[in-house]
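I have placed the structure first, in the form of structure tokens, so that the comments after it can refer back to it.
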Amino acid sequence: MPAGSKTGPPLAKAKPISASVITYLRRRKTLGEGAFAAGERSEKINRCRLLLVAKNGGKEKRREEKRREEKRREEKRKEKRKKKKKRKGKGKGKKRKKKRKGKKREKRRKEKKREEKEKKREEKRRKEKRRKEKKEKMWLVSIIFERSWKTGEVPEDWRKANVTPVFKKGKKEDLGNYRPVSLTSIPGKVMKQLILEVNNKHVKEKKVIRSGQHGFTKGKSCLTNLIAFYDGMTGWVDEGRAVDVVYLDFSKAFDIVFHNILVSKLRKCGLDEWTVRWVENWLNGRVRRVVISSQNLVGGL
Numbered sequence: 001m002p003a004g005s006k007t008g009p010p011l012a013k014a015k016p017i018s019a020s021v022i023t024y025l026r027r028r029k030t031l032g033e034g035a036f037a038a039g040e041r042s043e044k045i046n047r048c049r050l051l052l053v054a055k056n057g058g059k060e061k062r063r064e065e066k067r068r069e070e071k072r073r074e075e076k077r078k079e080k081r082k083k084k085k086k087r088k089g090k091g092k093g094k095k096r097k098k099k100r101k102g103k104k105r106e107k108r109r110k111e112k113k114r115e116e117k118e119k120k121r122e123e124k125r126r127k128e129k130r131r132k133e134k135k136e137k138m139w140l141v142s143i144i145f146e147r148s149w150k151t152g153e154v155p156e157d158w159r160k161a162n163v164t165p166v167f168k169k170g171k172k173e174d175l176g177n178y179r180p181v182s183l184t185s186i187p188g189k190v191m192k193q194l195i196l197e198v199n200n201k202h203v204k205e206k207k208v209i210r211s212g213q214h215g216f217t218k219g220k221s222c223l224t225n226l227i228a229f230y231d232g233m234t235g236w237v238d239e240g241r242a243v244d245v246v247y248l249d250f251s252k253a254f255d256i257v258f259h260n261i262l263v264s265k266l267r268k269c270g271l272d273e274w275t276v277r278w279v280e281n282w283l284n285g286r287v288r289r290v291v292i293s294s295q296n297l298v299g300g301l
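With this note's numbering as the guide, the letters of the sequence shown map in order to residues 1 to 301.
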């Protein structure tokens, strides 16, 4: 009915239309302005209201779904953040562990370097100590050598020798097939080497031994002797001379040398009296001990 009519059904039971419904219906243009002003209910209004409710319900559902989706996303984001934090924490823990390990390694390396330095210093000290001790010993030994050479006195231990027979060839039952090897005192050996060097120098300067001597001569051997022999023989044969050769071999020549003849020869060669007297005293009163498989046979020489 029109809006200004006084007749019609009572409007007590009519529900007020909300502003949103009115706005919606105006947009849809389903009813005119008069119907909205009077607030009449009609089928169209009810239909529109139902449509609006359905639409609003769908919106609410969508909003609810959006909220849930946002919550899920937020939860996922939180989980991701937590995982990232955990990973960062693990990474930091690993980095810290690596740093600790690196520090421990550096510490061990430094300790090892210190130990090596200490060892080197200790070794250097020991070497220095040994060198000083060696110097002191050599100084004492040099004093003993000089005293022995000037006075001609030879210590008793220097005149003792352990003789071990070494088999050469032939029958082992024949004692002549053994070569005696003498083991003497080490300081005595050093002193004998010094005396030998002095003698060799004197013999070389004074030309006591002729150039044809090859045996027991420094720089010469059996080969040089053979070459010199062939050179001389071929030269004489080329000149047309008759050449006769006689070979002599003195067996055990050095084992049967008379000591008094040897000392007199040294004096004739012009050696100083200190050296000759020392050699004479060293040859007198010597004692040798023959060692044969843990059995000792003591005898004079």
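By construction, the Cβ of each residue, glycine as well, lies at the ideal position given by its N, Cα and C atoms. In this text the structure is predicted, and so the values were computed from the model without any measurement.
Contacts around residue i, its chain only, beta-carbon distance under 8 Å, and the 5 residues preceding and following it disregarded
| i | result |
| --- | --- |
| residue 168 | 177, 178 and 179 |
| residue 200 | 218 |
| residue 224 | 214 |
| residue 202 | 208, 269, 270 and 271 |
| residue 132 | none |
CB of residue i within 8 Å of CB of residue j, strictly
| i | j | result |
| --- | --- | --- |
| residue 158 | residue 185 | yes |
| residue 291 | residue 163 | yes |
| residue 266 | residue 276 | yes |
| residue 270 | residue 206 | yes |
| residue 260 | residue 153 | no |
| residue 279 | residue 209 | no |
| residue 274 | residue 189 | no |
| residue 187 | residue 141 | yes |
Cβ neighbour criterion (16 or more within 10 Å) applied to residue i
| i | result |
| --- | --- |
| residue 148 | buried |
| residue 191 | buried |
| residue 68 | exposed |
| residue 125 | exposed |
| residue 288 | buried |
| residue 285 | exposed |
Cβ neighbours of residue i in the same chain (closer than 6 Å, five flanking residues each side left out)
| i | result |
| --- | --- |
| residue 236 | 243 |
| residue 12 | The predicted position of residue 12 is uncertain, since its pLDDT is 41 and thus under 50; a value taken from the coordinates is nonetheless stated next. Within the same chain, residue 12 has no close Cβ partners at all. |
| residue 160 | 287 |
| residue 35 | Legend: pLDDT at residue 35 = 47, less than 50; position of this residue unreliable, no value from coordinates given. |
| residue 116 | none |
| residue 145 | 191 |
| residue 165 | 178 and 180 |
| residue 241 | none |
| residue 155 | none |
| residue 232 | none |
Cβ shell of residue i (< 7 Å), same chain only, five flanking positions each side left out
| i | result |
| --- | --- |
| residue 170 | 177 |
| residue 198 | 275 |
Legend entry - Start-end ranges of the alpha helix (DSSP H) lying completely within the segment 152 to 223, minimum 4 residues: 186 to 206
Legend entry - Those runs of the alpha helix (DSSP H) which lie wholly inside the segment 244 to 291 and span at least 4 residues: 259 to 268 and 273 to 283
Inset, instruction - Could you tell me which uninterrupted beta strand (DSSP E) segments, each at least 3 residues in length, are contained entirely in the segment 63 to 123, listed from first to last along the chain? - result: none
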